[in-house]
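Heads up: the structure comes next, in structure tokens.
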């Protein structure tokens, strides 16, 4: 659990009165070869020999356990652990695994979820003590709560929140400035220049290779472009073949078209490409004649961890509904395949927007307050995609003076030190002017410079903390 998530849960429980706030349970649905082997003998002997390779194989293969375990096209899992796939007992075990597949095996506590009620929960749902001291949970899974109308809240323990909190604290302490993330200028073209150039090491959500490859092609120039960027590089849109069509349409390389004219009001904002779960629900209502209740069932299927099976059961109903509304079979199949892609995880638009705000905030702080951002991200490790050494080198490329560990000066964490006023300016280092001019020419940005905060004139240096010394305190 990310530091702060547990504290926030307890704080919320105390504020709302503990008897009215409890955590829901969640079910684990990965029956394993070891569990299947138990009726045949000790699971610690042979059952464990299949366990690790089966659980580490590709998730899609586990949808058909017999195929995954006994695949004869190559070295099957049972062969890799020294068992004979022709043995009747081995095949029987594989069939048991298939029978147990997708059946919940045990319950566990949802990491960040809790349930809030007006009345004491014990009068509404059954509760029981959890394994964690002082914690109680309800006995129902989250999907069982909807008919009762209970409020479910999920606390996302994001490391970026710790980073932003620390960064703002360092800015206030060192520069005497209070930066309000809710009042940032959301049209700062210097920040969008960095994003268009994929200069995003350490920036929330857009620092992966896939995101870095997409940013120069999408060329974000406004906040909604970031909302799309966050939603676009997800398994759902990728599986639904939505990424490349959107990018081509965004860049004017192909016309914006709609598989059916009735979809125009729903998909116009995203250039005819469904990117968000809400759009999937609206398409089902308009194109397939679903009721709002049926569309809500579709929403739950799209967001469920066992959604492939659920989506398959809805598919024929959608196809029949689109046929009844005069949509041809070819276009209907394309529409369903796009919606079905969300079964591999797509974002609601509100979720993408909240993440996009964190993208912009972290990019803004990195651009204008690079020393504080560097210290904060080093102290928030482990998080993100990059090792501390890469983060330090990236900071130096942006004009940050990073000083080595010094036992007489370093604290445990990275800290900030005052440096001479004639040091280079962070936020407008020696490369910045020419770099931003060329970026704007390539990405269609404005030629006008966005005025940077005056506090960026005298940046501090970053002193690495003792925690960065490998092996310290080990034997």
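Residue numbers (my numbering): 555 to 1029. Beta carbons: idealized from backbone N, C-alpha and C, even for Gly.
query: Suppose you measure from the CA of residue 1015 to the CA of residue 938; what does that come to, to the nearest Å?; result: 23 Å
query: Across the stretch 1015-1024 and the stretch 957-972, are there enough close Cβ pairs to call them in contact, namely three or more that are closer than 8 Å?; result: yes
query: Taking the beta strand (DSSP E) that residue 819 belongs to, which residues open and close that run?; result: Note, residue 819: premise wrong, no beta strand (DSSP E); alpha helix (DSSP H) at 818-821.
query: Per DSSP, what kind of secondary structure is residue 935 in: helix, strand or coil?; result: coil
query: Any idea which residues DSSP pairs residue 706 with across the strands?; result: 669
query: What's the call for residue 874, buried or exposed, on a 16-neighbour Cβ count within 10 Å?; result: exposed
query: For residue 1015, list the residues DSSP reports as bridge partners.; result: 971
query: Compute the distance between the beta-carbons of residue 903 and residue 830, then report whether it is under 7 Å.; result: yes
query: Just reading off the alpha helix (DSSP H) that residue 693 is part of, what are its end residues?; result: First-last for residue 693: 690-695, but that is the beta strand (DSSP E), not the alpha helix (DSSP H).
query: Compute the Euclidean distance between the alpha carbons of residue 692 and residue 677, then round it to the nearest angstrom.; result: 11 Å
query: In the structure shown, what three-state DSSP assignment does residue 913 receive?; result: helix
query: How long is the line joining the alpha carbons of residue 889 and residue 820, rounded to whole angstroms?; result: 13 Å
query: Here's the rule I'm using: 16 or more other beta-carbon atoms within 10 Å means buried, otherwise exposed. How should residue 1033 be labelled?; result: The chain is shown from 555 up to 1029; residue 1033 falls before or after that span and cannot be answered.
query: Alpha carbon to alpha carbon, what distance is there between residue 696 and residue 690?; result: 15 Å
query: Spell out a yes or no on whether the stretch 917-933 and the stretch 942-951 are touching, meaning 3 or more CB-CB pairs, one atom from each, closer than 8 Å.; result: yes
query: Considering residue 770, what are the terminal residues of the alpha helix (DSSP H) in which it resides?; result: 763-772
query: What three-state label does DSSP hand residue 682 in the structure shown?; result: strand
query: Alpha carbon to alpha carbon, how far is residue 767 from residue 853? Give it in angstroms, no decimals.; result: 30 Å
query: Between residue 914 and the rest of its own chain, which residues show a CB-CB distance below 8 Å, the 5 nearest in sequence each way excluded?; result: 738, 740, 745, 777, 780
query: Express the C-alpha separation of residue 957 and residue 981 in angstroms, rounding to a whole number.; result: Unreliable positioning characterises residue 981 in this predicted model, as indicated by a pLDDT of 42, which lies under 50. A coordinate reading is not provided.
query: What's the C-alpha gap between residue 895 and residue 789?; result: 8 Å
query: I need the straight-line Cα distance from residue 795 to residue 892, nearest angstrom please.; result: 7 Å
query: Tell me the residue span of the alpha helix (DSSP H) that contains residue 803.; result: 797-804
query: Identify the continuous alpha helix (DSSP H) that holds residue 716 and give its terminal residues.; result: 713-729
query: Quick one: grab the DSSP three-state call for residue 746.; result: helix
query: Output needed for residue 679: all residues of its chain with C-beta closer than 6 Å, excluding positions within five of it in sequence on either side, in chain order.; result: 692, 694
query: Since residue 837 sits in a beta bridge, which residues does DSSP pair it with?; result: In DSSP, residue 837 forms no bridge with anything.
query: How many angstroms separate the CA atom of residue 712 from the CA atom of residue 841?; result: 37 Å
query: Assign residue 727 to buried or exposed, taking buried as 16 or more other Cβ atoms, counted over all protein chains shown, within 10 Å of its Cβ.; result: exposed
query: Just confirm the distance between the C-beta atoms of residue 849 and residue 839, as a whole number of angstroms; I'd bet it's less than 8 Å.; result: 5 Å
query: Out of 870, 725, 760, 814, which one is the CA nearest neighbour of residue 880?; result: 814
query: With residue 769 and residue 749 assumed to form a contact (beta carbons below 8 Å), what rounded beta-carbon distance in angstroms separates them?; result: 6 Å
query: Measuring straight from C-alpha to C-alpha, what distance separates residue 649 and residue 709?; result: 39 Å
query: Mapping DSSP to helix, strand and coil, what is residue 963?; result: coil
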